[in-house]
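**Student:** What the sequence shown shows, in the numbering used here, is residues 3 to 95, in sequence order. Quick one: the structure is below, and I'll ask about it shortly.
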Amino acid sequence: MNNYRDIIKEPIVTEKTADLAQNHNTIVFSVDPKANKTQIKQAVEKIFSVKVESVNTLNATTKKKRVGRYAGRTNKRKKAIVKLAEGSSIELN
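So this is what it looks like as structure tokens:
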């Protein structure tokens, strides 16, 4: 990974992740499928200037999709659940 912004793609904002952010100081990001936990931690700390306590990752399974007679699969995705240290916060609008 050449750039930290290549690792962190976008934040995932849903009702569940908003509740995690508000009550547990945890942010969920969509990340590059090849990134490991250490790279994700360093990228979040550099981009947002916060202290990261822990990183959990999960690989979201691909799903079968059809368009007419053509069948295929959706893209691979990896999610990172990042717990921030006490006193750190990220404002997502």
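We treat Cβ as the ideally placed atom computed from N, Cα and C, and that holds for glycine. Since the model is a prediction, treat every value here as computed from it, not as a measurement.
Is the Cβ-Cβ distance between V86 and T19 less than 9 angstroms?
**Tutor:** Looking up residue 86 in the sequence shown gives position 84. Looking up residue 19 in the sequence shown gives position 17. According to the sequence provided, residue 86 is Leu. The question's Val does not apply to it. Not a contact, by the Cβ cut-off of 9 angstroms.
**Student:** Could you check whether the stretch 9-19 touches the stretch 61-76, counting it as contact only if at least three pairs of C-beta atoms, one from each stretch, sit closer than 8 angstroms?
**Tutor:** no
**Student:** Which same chain residues end up closer than 8 angstroms to S62 when comparing Cβ atoms and leaving out the 5 residues on each side of it in sequence?
**Tutor:** Residue mapping note: residue 62 aligns to position 60 of the sequence shown, counting from 1. A small fix is needed here, since residue 62 is Ala in this sequence, not Ser. In the same chain as A62, and ignoring 5 residues on each side of it, the C-beta atoms closer than 8 angstroms to its own belong to K78, R79, K80, K81, in chain order.
**Student:** Quick one: grab the DSSP three-state call for T40.
**Tutor:** In the sequence shown, counting from the first residue as 1, residue 40 sits at position 38. T40 falls in the helix class under three-state DSSP.
**Student:** Any heavy atom of the ligand ATP closer than 8 angstroms to the beta-carbon of T63?
**Tutor:** Ligands in the displayed structure: none, and consequently the ligand ATP is not present.
**Student:** Determine which residues share a DSSP beta bridge with R68 and list them.
**Tutor:** Here residue 68 corresponds to residue number 66 of the sequence shown, with the count starting at 1. Answer is A73.
**Student:** On a Cα-Cα basis, can you pick out the residue from R75, L22, A37 that is closest to Y6?
**Tutor:** By one-based count along the sequence shown, residue 6 stands at place 4. Among R75, L22, A37, the Cα nearest to that of Y6 belongs to A37.
**Student:** From V54 to T40, what does the alpha carbon distance come to, in whole angstroms?
**Tutor:** If you number the sequence shown from 1, residue 54 lands on position 52. If you number the sequence shown from 1, residue 40 lands on position 38. Between V54 and T40, the C-alpha separation is close to 11 angstroms.
**Student:** Which one or two residues does DSSP pair with R79 in a beta bridge?
**Tutor:** In the sequence shown, residue 79 corresponds to position 77, counting from 1. Beta-bridge pairing links R79 to A62.
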